[in-house]
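Chemist: The following block contains the structure, expressed as structure tokens.
There are 2 protein chains.
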Amino acid sequence: MLSKKTKYALHALTYLGKHKAEGTVLIHDIAEEHGISHKFLENILLELRKAGYLGSKKGKGGGYYLIKEPKDIPLSRVIRLLDGPIALLPCVSLNYYEPCAECKNEAICGINKVMAQVRDETLKILENKTLQDILEGE
Amino acid sequence: MLSKKTKYALHALTYLGKHKAEGTVLIHDIAEEHGISHKFLENILLELRKAGYLGSKKGKGGGYYLIKEPKDIPLSRVIRLLDGPIALLPCVSLNYYEPCAECKNEAICGINKVMAQVRDETLKILENKTLQDILEGE
DNA sequence: CATAAAGTCTATAATTTTTATAGGGTTTAT
DNA sequence: ATAAACCCTATAAAAATTATAGACTTTATG
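Pasting the structure below:
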């Protein structure tokens, strides 16, 4: 399951996508719309900005706005950013690799091999679904 | 990512699959092979038995053994049993459904729709990969 | 039939991760 | 000058995961 962080990030991105015309959107408005803690959401938006998905404007009249096209924001990226690995095991993670302590030899581990396949197929799904798809479903 | 519980369960099932010929296998042996806590693994094997994957024999000379064919143990089942939902959000979980607090109306939520598709495609993968596939990779 | 080996079961402790809050900055429109 | 708004880091609270403990039951065997 996705963490609340990632889920909230998706809601925020969706909100920003829907309100693109308005220029900037307040954290406050997104938080209120979904009943999310303002401060918690603030941290999430900050991460999304640092990762290059959002722009922000400080000071009075400021706020956040999308700086990427919705079609260029795949679920895989958002999940990796906020939740970490997409792979089911650290030993097959492309971006967060770590050996598994209980596994003596990865090269001959059937679990490792199968999980690498699962990762590849899962990635195909999550790289193909984008914010655009979410927006089209609203 | 899978919890250690699920990961250990997969190691245990694999071990049992490999040692099928020996009749029964001791918790102790599996735990030792993978450096897993005996007591932690004990709880996991208990769950696998209650779920109908394993049989056990008590007393001296006892132990655990597979009672399902490896090809009839899909990853999806093991993951659901020990980790819970496969869906990325509670609002699209088939087996552990719960509404999402921050979502006013599921029927018009684009995130919900996309995640339901992701769930279906993910399920296809995890229902197709079985213990058999793991064993063939060892 | 006593004993030791092995699984059963439930409770609780320890640890880690996630979620949430707090509060003092800095920037900017008016 | 002021208030609105994002920026940033630290810490607290809560929840979930991981691990341990210990008493109980079953069974093979000498």
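For the protein sequence lines, the chains are Y and G, in the order given. Counting with this note's numbering, you get residues 1 to 138 for the letters of the first sequence. Counting with this note's numbering, you get residues 1001 to 1138 for the letters of the second sequence. For every residue, glycine included, the Cβ atom is placed at its ideal position computed from N, Cα and C.
1) Flag this pair as touching only if the stretch 1119-1129 of chain G and the stretch 1059-1079 of chain G have three or more C-beta atom pairs under 8 angstroms; answer yes or no.
2) Under 7 angstroms, CB to CB, which of the residues in the stretch 1012-1030 of chain G have a partner in chain Y?
3) Just confirm the distance between the C-beta atoms of L1066/G and L1054/G, as a whole number of angstroms; I'd bet it's less than 8 angstroms.
4) Using the C-alpha atoms, what's the distance from G1061/G back to G84/Y?
5) Can you name the residues of chain Y whose CB is closer than 8 angstroms to the CB of K1071/G?
6) From the beta carbon of K1129/G, is the nearest beta carbon of chain Y less than 8 angstroms away?
7) Taking a contact to mean a Cβ-Cβ separation below 8 angstroms, would you say T122/Y touches I79/Y in this structure?
8) State the Cα-Cα distance for the pair C103/Y and C109/Y, rounded to the nearest angstrom.
9) Is the beta carbon of L1081/G sitting closer than 8 angstroms to the one on A1101/G?
10) Taking C-beta to C-beta, are G63/Y and T24/Y nearer than 8 angstroms?
11) Cβ closer than 9 angstroms: which chain Y residues qualify as neighbours of H1038/G?
12) What separation, rounded to the nearest whole angstrom, lies between the Cα atoms of D1029/G and A1107/G?
13) Rounded to the nearest angstrom, how far is the Cβ of L1010/G from that of I1111/G, given a contact under 8 angstroms?
14) Quick one: residues in its chain with C-beta nearer than 8 angstroms to the C-beta of V1/Y, no 5 flanking neighbours on either side, listed in chain order?
15) Judging by CA-CA distance, which residue of V92/Y, E32/Y, K7/Y is the nearest neighbour of D120/Y?
16) What is the DSSP secondary structure of T130/Y, counted as helix, strand or coil?
17) Taking 8 angstroms as the CB-CB limit, is K113/Y close to chain G?
18) Looking only at its own chain, which residues have a Cβ that is under 6 angstroms from the Cβ of H1019/G, when we skip the five neighbours before and after it?
19) Among E98/Y, A12/Y, A116/Y, which has the Cα closest to the Cα of L45/Y?
20) Since I1125/G meets chain Y, which of its residues come closer than 9 angstroms, beta carbon to beta carbon?
21) Residue range of the alpha helix (DSSP H) that K1007/G falls in?
22) For P1070/G, count the other beta carbons within 10 Å of its own beta carbon; 16 or more makes it buried, fewer makes it exposed. Which is it?
Modeler: The short version:
1) yes
2) T1014
3) 6 angstroms
4) 44 angstroms
5) What K1071/G touches in chain Y: nothing, since even the nearest Cβ is about 13 angstroms away.
6) yes
7) no
8) 7 angstroms
9) no
10) yes
11) The premise fails here: H1038/G is roughly 13 angstroms from chain Y at the closest Cβ pair, so nothing lies under 9 angstroms.
12) 51 angstroms
13) So it is not a contact: roughly 30 angstroms between Cβ atoms.
14) Position check: residue 1/Y holds Met in this sequence, whereas Val was assumed. Answer for M1/Y: no residue qualifies.
15) V92/Y
16) strand
17) yes
18) V1025
19) A12/Y
20) Q117, V118, E121, T122, I125
21) 1004-1018
22) buried
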